[in-house]
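Going letter by letter, the sequence shown gives residues 5 to 219 in our numbering.
The structure appears below as structure tokens.
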Amino acid sequence: MSAYFHRWGAPPPRVRRGSQLSANTRWTRFSRKEGQHLIFVLKVYSERLRKKGQRTGALGTISFGAIRLAEILVSLSVKGNGRLEPSVFWLAKALNVARKSIHAWKAQLEAHGFLSWTRRYDRVETPGQKGPQLKQTSNAYVLRVPVKAIEAADRLNGGQSKHSPVVAPRLSAALDLLAAAITDEAHCKLERESPQVSEPRLPLFTPRVLRTNGA
């Protein structure tokens with residue numbers, strides 16, 4: 005850092021250690037079927053983690069909030085054809101929670117192998133300053149289905165965890181309409197409360213309610 009300062013006569017770049025240039029990010033396609041499978045396995049696995057009488061979200065478990073976060077990440081990834089780079093600020097607004105909750109839920113999903121991410125930075129140009137300037141940007145996320153979770157779901161579901169359970173069409177349609185209404189209201193509130201946010205907005209989305217048999 006000090007070498008950078010003396011060489012260029014500008015403040016050192018404010019990026020976190022281990023960050024990569026965002027332009028080098030490579031994305032892998034993520035299908036709706038993969039998303040449904042992930043959520044189903046996650047719900048089954050999270051229930052098996054809890055001991056009898058233990059509250060949801062206890063140390064070492066996966067909370068309902070983390071599952072909600074996974075659902076919104078799945079929806080974004082499917083809609084973006086694998087591209088997944090929301091900011092923590094955006095996720096907190098979309099889920100109407102504090103940013104520290106997003107960090108806690110991310111940590112739960114990462115600890116059990118469902119989520120990983122890469123810190124990234126952008127190159128920017130600041131008038132009047134010499135040398136390269138760097139700016140931290142949103143993380144690049146990758147959703148995964150760990151083998152241990154698939155095995156847990158297979159034991160409970162008779163080896164059929166790779167197939168999404170069938171939901172009655174009329175119930176599915178009603179739940180999807182409800183989810184759309186809730187999501188639209190949340191986004192309208194987000195736009196009203198944060199009109200001056202400078203970071204790029206992700207396109208609005210309507211997450212599908214991913215359901216399982218008793219999961």
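Just so it is clear, CB atoms sit at the ideal spot from N, CA and C, and this is done for glycine as well.
What does DSSP give as the partner residues of residue i in its beta bridges?
| i | result |
| --- | --- |
| Tyr125 | Leu25, Gln140 |
| Leu1 | Residue 1 lies beyond the residue range present for the chain, which begins at 5 and ends at 219; the question has no answer from this structure. |
Enumerate in chain order the residues of its own chain whose CB-to-CB distance from residue i is below 7 Å, with the five nearest sequence positions on each side excluded.
| i | result |
| --- | --- |
| Tyr125 | Val19, Ser23, Leu25, Ser26, Leu138, Lys139, Gln140, Thr141 |
| Lys166 | Since pLDDT at Lys166 reaches only 49, below the 50 mark, its modelled position is unreliable, and the value read off the structure follows with that caveat. His41, listed in sequence order. |
| Arg21 | none |
| Pro150 | His116, Gly117, Phe118 |
| Lys104 | none |
| Arg33 | Asn85, Gly86 |
Can you tell me whether residue i is helix, strand or coil according to DSSP?
| i | result |
| --- | --- |
| Leu88 | coil |
| Leu99 | helix |
| Gln58 | coil |
| Ser35 | coil |
| Arg52 | helix |
| Ser67 | coil |
| Arg20 | coil |
| Arg159 | helix |
| Arg30 | coil |
Going along the chain, which residues of its own chain have a beta-carbon closer than 8 Å to the beta-carbon of residue i, five neighbours each way excluded?
| i | result |
| --- | --- |
| Gln58 | Thr65 |
| Ala119 | Inspection of the sequence shows that residue 119 is occupied by Leu rather than by Ala. Once the five neighbours on either side are set aside, the close Cβ partners of Leu119 are Ala74, Leu77, Lys110, Leu113, Tyr145, Val146, Leu147, Arg148. |
| Glu129 | Gln137 |
| Ala172 | Because Ala172 carries a pLDDT of 48, less than 50, the predicted location of this residue cannot be relied on, and no value is offered for it. |
| Ala102 | Ala96 |
| Phe68 | Thr60, Gly61 |
So, under 8 Å CB-CB, residue i and residue j are touching, yes? Tell me the CB distance rounded to an integer number of Å.
| i | j | result |
| --- | --- | --- |
| Ala70 | Gln112 | 4 Å |
| Trp31 | Gly117 | Contact flag wrong, Cβ pair sits at about 20 Å. |
In chain order, what residues of the same chain lie with their CB nearer than 6 Å to the CB of residue i, ignoring the 5 residues before and after it?
| i | result |
| --- | --- |
| Tyr145 | Leu88, Trp121 |
| Arg54 | Thr65 |
| Ile106 | Val92, Leu95, Ala96 |
| Ala153 | Val45, Tyr49 |
| Ser35 | none |
| Leu63 | none |
| Gly39 | Val78, Val82 |
| Thr29 | Ala144 |
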